[in-house]
Structures are given as C-alpha cells and as structure tokens.
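Asker: Sharing a structure below in structure tokens format, with a few things to ask.
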Amino acid sequence: KNEVEQSPQNLTAQEGEFITINCSYSVGISALHWLQQHPGGGIVSLFMLSSGKKKHGRLIATINIQEKHSSLHITASHPRDSAVYICAVSRTDKLIFGTGTRLQVFP
Amino acid sequence: DGGITQSPKYLFRKEGQNVTLSCEQNLNHDAMYWYRQDPGQGLRLIYYSQIVNDFQKGDIAEGYSVSREKKESFPLTVTSAQKNPTAFYLCASSILGGGRPQHFGDGTRLSIL
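Written as structure tokens, this is what we have:
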C-alpha cells in the first residue's frame, strides 16, 4: 500500500463546477504539499500545509492532521485548470509523492 | 527571474551509452534533488544533495550517479547499468530544513533508441 493515496485518479468536469481532490497518508509528516503538473511536465508548488486551511485565488487546501487527510478544492473550474494535481508529504528532509489526479475541465 | 533550468528537454540514448542530464538553479538553494517519473507512479527520489561535494542516495539510485561541485549545479548521469532508463526526469531545489517547498525544473524526457 502506498504511503500517500490520492483519489480520484482521473476527474472530468464542466467549466464552472466545484472540484475536490483527496489525499490520505499513512505516515507521520511535518507538512503536506499540493503540486500542479502541466501537460508539458513542469511542476509548480501550490500549497504547503501543516494545519488548517489555505486559500489562493480559486484554490483552497485543507488538512486534518488527526485523520491524516487533505483536500484540494477548485471553485468555478476553468479549462486552464486542466493538469495533474499531486499530493506530497514531507518526511524528514524528503518528499513522498502520491500518483496524482488527472483533471480535465471542458468548456 | 530565479528558477531551475533543465537541459535538454528531450534526450535519446543508445544501448550501452551513458548520458548526463543538466540541472542548474539560481535560487541560492542549498538542497537539490533528482526524481524519476513513470506513468501511473508517483515521483521517486534518485539522489539528493544538501551541500556542495556531498550527496545521498534516494530510493532508486542504482544505475545513476551525480556530482555537486558547485552550489548551482547538480548533474545526473544515467549509466549503462540502468536497465530501464526511459522515463521523465525532474530536478528540484529547496532551502534546507524539513518540509520546505521544492522548486522544480521543466524536466527531461529520456528515451532509448
């Protein structure tokens, strides 16, 4: 069993829909990261969380340390949000990655 | 603008050949990392370095080698001992300290001819 599990693996949405991507982990962590990988392959860091909730534009990330669970929400989704979203957890000085959620948003 | 530059974007290797992937950063980060990405799998750590002239093996170091002669540079050599080198390779850097955000390059896609 992977130490970091994401769901769903694939997600299709219509423009404007509210989107939720989930991440569960089974190890002790110092922080959780949400990353976005564009079709060309480059990766951008969206959030780093150790507790509570963070918001940036239409993106919201939450974490529940007791339940070892995090969610990434996208409000008013847009086709430009189409990407792979990756959850990663920090353990000592390394990151452990989930396999990613592929999101496609259609106009 | 500060960032990480990986080159080349695409690389082809013949059987039995070593190839070197370049990674340069101008973010003044002490830590640098190399990851491998395969379809359907999460990124896996190959090597990492926290200081010049020092580096540690990650989870899948066999068949790879690195050097860290300068703070800005962390090249990865894929040797002929790596039996399945076809993959997407990503370089990243961060400031020191557990849990710090990592900045990623745009990756190099390596294929075998």
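Order-wise, the sequence lines are chains A and B.
Each step along the first sequence adds one to the number in the numbering used here, with nothing skipped, and position 73 is 59.
Each step along the second sequence adds one to the number in the numbering used here, with nothing skipped, and position 54 is 92.
Cβ atoms here follow ideal geometry from the backbone N, Cα and C, with glycine treated the same way.
This one's a predicted model, so the numbers in the text were calculated from it and none came from an experiment.
(1) May I ask you to verify whether the segment 11 to 27 of chain A touches the segment 117 to 124 of chain B, counting CB pairs closer than 8 Å and requiring at least 3?
(2) Measure the alpha-carbon distance for residue 71 of chain A versus residue 88 of chain A and round it to whole angstroms.
(3) Per the contact definition of three or more C-beta pairs closer than 8 Å, is the segment 74 to 91 of chain B in contact with the segment 39 to 55 of chain B?
(4) Along the chain, where does the beta strand (DSSP E) containing residue 138 of chain B start, and where does it finish?
(5) Quick one: which residues of the segment 17 to 48 of chain A get their C-beta closer than 7 Å to a C-beta of chain B? List them in chain order.
(6) Where does residue 82 of chain B sit, in a helix, a strand or coil, going by DSSP?
(7) Is the beta carbon of residue 127 of chain B sitting closer than 8 Å to the one on residue 148 of chain B?
(8) At the 8 Å Cβ level, is residue 54 of chain A part of the contact set with chain B, yes or no?
(9) So which of B:85, B:98 and B:44 has the shortest CA-CA distance to residue 104 of chain B?
(10) Can you pull out the residues from the segment 73 to 85 of chain A whose beta carbon lies closer than 7 Å to at least one beta carbon of chain B?
(11) Do residue 69 of chain B and residue 114 of chain B have their C-beta atoms closer together than 8 Å?
(12) Return the residue from the list A:60, A:8, A:17 and A:55 that minimises the CA-CA distance to residue 42 of chain A.
(13) Hey, quick one: how far does the beta strand (DSSP E) through residue 91 of chain B stretch, first residue to last?
(14) What residues of chain B sit near residue -10 of chain A, judged by a beta carbon separation below 9 Å?
(15) How long is the line joining the alpha carbons of residue 116 of chain B and residue 142 of chain B, rounded to whole angstroms?
(16) Rounded to the nearest angstrom, how far is the Cβ of residue 106 of chain B from that of residue 92 of chain B, given a contact under 8 Å?
(17) With respect to the beta strand (DSSP E) encompassing residue 42 of chain A, which residues constitute its N-terminal and C-terminal limits?
(18) How about residue 40 of chain B: is its C-beta nearer than 8 Å to some C-beta of chain A?
Answerer: Let's see:
(1) no
(2) 6 Å
(3) no
(4) Note, residue 138 of chain B: premise wrong, no beta strand (DSSP E); not H, not E.
(5) 17, 19, 26, 27, 28, 29, 31 and 34
(6) strand
(7) yes
(8) no
(9) B:85
(10) 76, 78, 79, 80, 81, 83, 84 and 85
(11) no
(12) A:60
(13) First-last for residue 91 of chain B: undefined, no H or E at that position.
(14) 80
(15) 19 Å
(16) 7 Å
(17) 38 to 42
(18) no
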